[in-house]
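2 protein chains.
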Amino acid sequence: MKYNPVTGDVIQALQQITGEKYVKTNPDVLAAYQSDESLAPDMWHLPEVVVAPGSTEEVARIMEVANQYKIPVTPRSAGTSVSCGAVPVCGGIVLLMERMNRILEINEDGMYLVAQAGARTSDIQNAAKARGLMYAGDPCSADSCLIGGNLATNAGGNKAVRYGTTRHQVYAIEVVLPNGKITHLGAPLKKCSTGYCLDQLIIGSEGTLGIITQVTLKLVPLCPYKLDVLAVFTDLAKATALVPKLVKAGLNPTSVEFMDNNFVRRASDYSELRLPHYEDGFYDIISIETFSEAELDAKMDILASICEKAGATDVVEADDRVWKVRRNCLESTRALSKVATSEDLVVPVPKIAECIQTLVAESKKYDFLLFCLAHAGDGNLHFQIMKRDMSDEEWKKQVAAFRDFAYPYVYKLGGRLSGEHGIGYKRMPYLERCADPVELELMKTIKRALDPNDILNPDKVIHIEE
Amino acid sequence: MKYNPVTGDVIQALQQITGEKYVKTNPDVLAAYQSDESLAPDMWHLPEVVVAPGSTEEVARIMEVANQYKIPVTPRSAGTSVSCGAVPVCGGIVLLMERMNRILEINEDGMYLVAQAGARTSDIQNAAKARGLMYAGDPCSADSCLIGGNLATNAGGNKAVRYGTTRHQVYAIEVVLPNGKITHLGAPLKKCSTGYCLDQLIIGSEGTLGIITQVTLKLVPLCPYKLDVLAVFTDLAKATALVPKLVKAGLNPTSVEFMDNNFVRRASDYSELRLPHYEDGFYDIISIETFSEAELDAKMDILASICEKAGATDVVEADDRVWKVRRNCLESTRALSKVATSEDLVVPVPKIAECIQTLVAESKKYDFLLFCLAHAGDGNLHFQIMKRDMSDEEWKKQVAAFRDFAYPYVYKLGGRLSGEHGIGYKRMPYLERCADPVELELMKTIKRALDPNDILNPDKVIHIEE
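Residue numbers (full-length UniProt numbering), protein chains in the order written: chain Z, 1 to 466; chain X, 1 to 466.
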């Protein structure tokens, strides 16, 4: 056996680090930390102990104990992962980051913010906003997720077209390495060519190469002017071909969101609203932000003209009705099927239409329903796959068969398995199958070098053979 | 001894890979590849053989031979490094990338360009421009340097304030690893959360972790409108405090360049030109690019108003005279001293003034002259240090003493040794002294794991003990 059980000695060692209060073994607490938001109960697993450190030094000492006793450690932010990233699949210790939640500094001249890893993303957004600046990371779960988890999964979200994903918002991190040593990687510098880029290696490694304990985030100027536009297309290829046209015209859209006609109809019914081309429309919702009203007006004129030339049937301001329909998308499918799974595929922007068409055609061979919502601006396609009334066994079989087709196909398009949710435990076996074998071996070489006991979030992203 | 000499067997093995024509051992060729543009003859070193592969497969097979015989390999692009990055300090093989110089694809919808690593940077810029797009990487040596070298050092250059440095322009790379295996890292995706970010680890590792053989670069829309402004200040702190003000106002400057008064006077004399405040001025040259004339006009009004409020004595269009003075900066110092060395320090933007003031004050204790040119927009400070008439021995001693003060001081400000030139061999001993010891050990752990024989560009960035 690779790991040892959590014994009384281990518990005592943990208690000496954090105090008894923050070391929990009661069954209800353990049960609360067996899962995340992945809704995949067959993948959940109970931890043996939950510990909540109050400082970076405590995190470091916990890693020392874990190495000494060979106990796996699963770092956990808010547990909003949908990839079983925070599920302690090998048991052992769940390490809760939520006590380390302070915003430590907002440097207005340097345009950066320093926070502990357990700070809530929305608290960081609000703190920046209060100073007239913006933290541009904006995952949909911003109200509940914690910044350390955002970095660990390189979370995407609503503003990635203009500002990039979470890894692009980071100047520096403080990290506890698997061996329990503390280091500081990166710096609040706009330019640097001083040694290896280790900060970006740790970011997005889903807590397998280090535990991020503190972050230094870039702040950007807040755009005071904003307008959202709904462009309706009756042709999928035209709807998704819009993106490079907007970018090339210098419109610098903050986001370009896409709803397929299944979602348009379902969410409109659910919301009791009728928007243009309910029967056959594909929707693009485009957000533009500017620093002046004149710039906004000018960009809106260009936007309308581009949309019309691109074949849009309607171009209207995206008012509350549009957002209501958009917000109700997932909720509206619940009545169709209580059990569902979602994909987080990402493809090069020019391949979006082809990918949607091919996977929709493939889905017709199965008994499930497949709808598509996309962050079209960055090629990130969320397919909602709904079980309906088939048996559990059949459902598993059909989803697996669909993935066996879809994942290699997406790789062939130059795409990848996850745009913003991460690999976690859920997609780990698929990454092992789809990734370039040399790339995979390189990941494992680095993991083995940094974590020889394979105790930090094991079986996430990659599997290390014993 | 860590390495073996290049024997007849090795030469023969290399000839079998590339053909005899591309394996050179004649003394004049070896002498041509002992140096780069670092002008540090005491650090130069002759290679034993120079080989110019024509394909990625040939690069891979050369690495296999090098591992088999334990011969060090120094990859070389155009040799424009000023940090001895391309100097074969341990002898062995110099691996020339210049034959692999083709631009393979320009994808206008996907907004990316694929090229071999030996393609010239200016050829890539021009190829993009011909399609109405821009490759935003723009080192000063763009006319001579090759793109692989740009990635290896994470080159900075003229547009980094708006677009970031070279690592921010890259979607994907093809790499030959130290063990001779070929892999593809990254993808032309705007979003990705699928495994470790290995592309960014290789980029900026100065050819020590892998040989980049092919690159997929981001293209951005070309701004048709541009204006350069000279803002003159008589107060250093006010001149350098301008940057965050411009950024916060949403001006999104392409570059903000700074000249201290030493350079203003020296380069004006040399150019036989008098610009405002020749006697006591610090110059900021600000470039703004836009997609419309109206936007440019609006931004120019805001820019002028910000500069005036910030204490500028003059705000004028930066015409040919200004650029002539700027271009003549380095040339104008040659008459002061034929021997000079330059620093490439980088500090957080709010620390620029403090750093310049402190290092100028420190420099008064020495017999050399110290002038400062800065990419102020990104905190990258180039100090030109001129020997004048002191002895070689004294010069060495004084520069070393100055660095012993300057480097730890810059780290204390949150800065680093190199903004855009890299560590190479020249600054390697200083990185060993200045970097966080845990960070340094982490770099070495990764280097050892990927290159157990330490044959790929050894003694650059870090030193691996035998």
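For every residue, glycine included, the Cβ atom is placed at its ideal position computed from N, Cα and C. Predicted model only: the values in this text are computed from it and were never measured.
For a contact meaning CB atoms closer than 9 Å, what does residue i contact in chain Z?
{"i": "ALA160 of chain X", "result": "LYS190 and LYS191"}
{"i": "GLY419 of chain X", "result": "LEU189, LYS190, LYS191, CYS192, SER193 and THR194"}
{"i": "ASN67 of chain X", "result": "Within 9 Å Cβ-Cβ: nothing; ASN67 of chain X doesn't reach chain Z, min ~15 Å."}
{"i": "VAL349 of chain X", "result": "ASP109, GLY110, MET111, PRO188, LEU189 and LYS190"}
How would you list, in chain order, the residues of chain Z whose beta-carbon sits under 8 Å from the beta-carbon of residue i?
{"i": "GLN200 of chain X", "result": "CYS197, GLN200 and LEU201"}
{"i": "GLU295 of chain X", "result": "GLU295 and ALA298"}
{"i": "LEU177 of chain X", "result": "VAL438 and LEU442"}
For chain Z, is any of its Cβ atoms less than 8 Å away from the one on residue i?
{"i": "LEU450 of chain X", "result": "yes"}
{"i": "GLY137 of chain X", "result": "no"}
{"i": "HIS463 of chain X", "result": "no"}
{"i": "VAL6 of chain X", "result": "no"}
{"i": "MET300 of chain X", "result": "no"}
{"i": "CYS223 of chain X", "result": "yes"}
{"i": "ARG433 of chain X", "result": "no"}
{"i": "ILE17 of chain X", "result": "no"}
{"i": "LEU456 of chain X", "result": "no"}
{"i": "SER292 of chain X", "result": "yes"}
{"i": "THR254 of chain X", "result": "no"}
{"i": "ILE446 of chain X", "result": "yes"}
{"i": "PRO244 of chain X", "result": "yes"}
For residue i, which residues of its own chain have a beta-carbon under 6 Å away from its beta-carbon, when the five flanking residues on both sides are left out?
{"i": "ARG321 of chain X", "result": "LEU273"}
{"i": "VAL114 of chain X", "result": "LEU104, GLU105 and THR216"}
{"i": "ASP134 of chain Z", "result": "The displayed chain sequence assigns Met, not Asp, to residue 134 of chain Z. Excluding positions up to five away in sequence, the list reads ALA128, VAL220 and LEU222."}
Going along chain X, which residues have a C-beta under 9 Å from residue i?
{"i": "LEU185 of chain Z", "result": "ASP436, GLU439 and LEU442"}
Which class does residue i belong to by DSSP, given the choice of helix, strand or coil?
{"i": "THR333 of chain X", "result": "helix"}
{"i": "PHE291 of chain X", "result": "coil"}
{"i": "ARG433 of chain Z", "result": "helix"}
{"i": "ARG99 of chain X", "result": "coil"}
{"i": "GLN214 of chain Z", "result": "strand"}
{"i": "ASP314 of chain Z", "result": "strand"}
{"i": "VAL29 of chain X", "result": "helix"}
{"i": "GLY137 of chain Z", "result": "coil"}
{"i": "LYS447 of chain Z", "result": "helix"}
{"i": "TYR163 of chain X", "result": "helix"}
Does chain X have any CB closer than 8 Å to the CB of residue i?
{"i": "PRO75 of chain Z", "result": "no"}
{"i": "ASN380 of chain Z", "result": "yes"}
{"i": "VAL346 of chain Z", "result": "yes"}
{"i": "THR165 of chain Z", "result": "yes"}
{"i": "GLY414 of chain Z", "result": "yes"}
{"i": "SER205 of chain Z", "result": "yes"}
At 8 Å on the CB atoms, spell out the chain X contacts of residue i, in chain order.
{"i": "LYS248 of chain Z", "result": "MET111, GLY132, LEU133 and PRO221"}
Got a sec? Which residues, its chain only, sit under 7 Å from residue i by beta carbon, not counting five neighbours each side?
{"i": "MET386 of chain Z", "result": "THR333, LEU336, SER337, ALA340, PHE368 and LEU369"}
{"i": "ILE306 of chain Z", "result": "LYS245, LEU246 and ALA249"}
{"i": "GLU308 of chain X", "result": "VAL315"}
{"i": "GLY424 of chain Z", "result": "SER81, SER83, CYS84, GLY85, GLU206 and LYS460"}
{"i": "HIS463 of chain Z", "result": "MET428 and GLU432"}
{"i": "ARG167 of chain X", "result": "ASN154, GLN200, ILE203 and GLY204"}
Under 7 Å Cβ-Cβ, which residues of chain X neighbour residue i?
{"i": "ASN154 of chain Z", "result": "SER193"}
{"i": "ILE182 of chain Z", "result": "VAL438"}
Could you spell out the range, first to last residue, of the beta strand (DSSP E) harbouring residue i?
{"i": "GLY186 of chain X", "result": "182 to 186"}
{"i": "ILE385 of chain Z", "result": "380 to 386"}
{"i": "LYS226 of chain Z", "result": "225 to 233"}
CB-CB under 8 Å to residue i, same chain, minus the five flanking residues each way: which ones, in chain order?
{"i": "ARG162 of chain X", "result": "ALA136, ASN252, PRO253, THR254, SER255 and GLU289"}
{"i": "GLY379 of chain X", "result": "VAL346, VAL347, PRO348, VAL349, LYS351, ILE352, GLY415 and GLY419"}
{"i": "LEU189 of chain X", "result": "TYR171"}
{"i": "LEU413 of chain X", "result": "VAL347, PRO348, LYS351, GLU354 and CYS355"}
Could you spell out where the alpha helix (DSSP H) holding residue i opens and where it closes?
{"i": "ASN261 of chain X", "result": "261 to 271"}
{"i": "ILE62 of chain Z", "result": "56 to 69"}
{"i": "LEU201 of chain X", "result": "198 to 202"}
{"i": "ASP9 of chain Z", "result": "8 to 18"}
{"i": "ASP404 of chain X", "result": "392 to 412"}
{"i": "THR240 of chain Z", "result": "236 to 240"}
In chain Z, what lies closer than 7 Å to residue i by C-beta?
{"i": "PRO47 of chain X", "result": "Under the 7 Å cutoff, chain Z gives no residues; its nearest Cβ is about 24 Å from PRO47 of chain X."}
{"i": "GLY422 of chain X", "result": "SER193"}
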